[in-house]
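First comes the structure, then the notes that go with it.
Residue numbers (full-length UniProt numbering): 1 to 216.
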C-alpha cells in the first residue's frame, strides 16, 4: 500500500516505527490495527506544514477549525468496537478521512457523515489516492444519522457531546456499540462505550479522558 520514495523512505519509515513503538508502549496490542496504522500514509491527511508531525502521537489542526485525532485515541476507539469484516459502521465526523480509512480496512462498509463540505471533499480525494471503494459519504449534521434506513453494527462519534443523539440509537443494531467522547458540565471529556441491549436499554462503560472538538 505504501510506496517510499528515495528521498523520504528512511526518515519516514523511522517515524512510523517510532509511532508504532509508542502505541505498543501505551499497551496497545491489536496487531491488525497496528498493521493498518503502519500502512496508511497519515501524512496525506494533514496540512502540508504539519507533514513532519504526521507520525507524532498527537492531534493536528486541519481546516474548518477541526483536528485530526491523536493516533493512540483513534486506535483505542476502533479497538473497543471489535469490528468484524462483515460489519457496517457509521462514522460521525469524517474530517480529512484518516480514521475512515482505518475503518474501511476493518469492516464491510463505512458510512461517514461530515458537516463541512471542504473536509468531506478532502476526504474523498485522500481515499481515492488509496483506492478505497467501501466508503459512502454524506454532507450534513451527524446528529440526524444516515439519510437512508440502515442498521449499523457500530457507530463511532469523533466529536464531543453531552449525550448520543437519539436518532443514532435508532440506527444501531441490538448488541451493537457506540463509542463517543462525552462532555460533562465541568468541561471534562471522557470516552464512553455504549452497548445496545434492546430498543430501550444499553450498558455504559467509561474509558479514559479525551479532548475532542464539539459536535456541531
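Every residue gets a Cβ at the ideal spot worked out from N, C-alpha and C, and that includes glycine.
Note that the structure is predicted; figures quoted are calculated from it, not measured.
Which partner residues of residue i appear in the DSSP bridge assignment?
i, result
"residue 114", "139"
"residue 209", "190"
"residue 109", "88"
"residue 78", "Residue 78 is not bridged to any residue."
"residue 173", "Per DSSP, none; premise fails for residue 173."
"residue 152", "172"
"residue 101", "DSSP lists no partner for residue 101."
"residue 202", "196"
"residue 181", "191"
"residue 157", "92"
"residue 166", "For residue 166, which the question treats as bridged, DSSP gives no partner whatsoever."
"residue 25", "Paired residues: none, contrary to the question."
Assuming residue i and residue j make a contact with CB atoms under 8 Å, what is their CB distance in whole Å?
i, j, result
"residue 215", "residue 159", "4 Å"
"residue 142", "residue 93", "6 Å"
"residue 198", "residue 174", "6 Å"
Within 10 Å of its beta-carbon, does residue i have 16 or more other beta-carbons around it, so buried, or fewer, so exposed?
i, result
"residue 35", "exposed"
"residue 205", "exposed"
"residue 187", "exposed"
"residue 166", "exposed"
"residue 48", "exposed"
"residue 19", "buried"
"residue 111", "buried"
"residue 71", "buried"
"residue 208", "exposed"
"residue 21", "exposed"
Output the distance between the C-alpha atoms of residue i and residue j, rounded to the nearest integer angstrom.
i, j, result
"residue 171", "residue 11", "44 Å"
"residue 196", "residue 50", "39 Å"
"residue 133", "residue 40", "15 Å"
"residue 73", "residue 138", "24 Å"
"residue 44", "residue 148", "31 Å"
"residue 105", "residue 25", "24 Å"
"residue 153", "residue 88", "6 Å"
"residue 57", "residue 75", "11 Å"
"residue 156", "residue 182", "12 Å"
"residue 13", "residue 55", "10 Å"
"residue 211", "residue 86", "31 Å"
"residue 91", "residue 109", "11 Å"
"residue 46", "residue 176", "31 Å"
"residue 60", "residue 191", "19 Å"
"residue 185", "residue 135", "35 Å"
"residue 17", "residue 42", "13 Å"
"residue 189", "residue 178", "16 Å"
Step through the CB atoms of chain D and report whether any lies within less than 8 Å of the CB of residue i.
i, result
"residue 18", "Within the model displayed, chain D is absent; a lone protein chain is all it includes."
Touching by the beta-carbon criterion (3+ pairs, under 8 Å), the stretch 24-31 and the stretch 69-86: yes
Sufficient close CB pairs (3 or more, under 8 Å) joining the stretch 112-123 to the stretch 59-70: yes
Inter-stretch contact at 8 Å, needing at least 3 Cβ pairs: the stretch 123-142 / the stretch 91-99: yes
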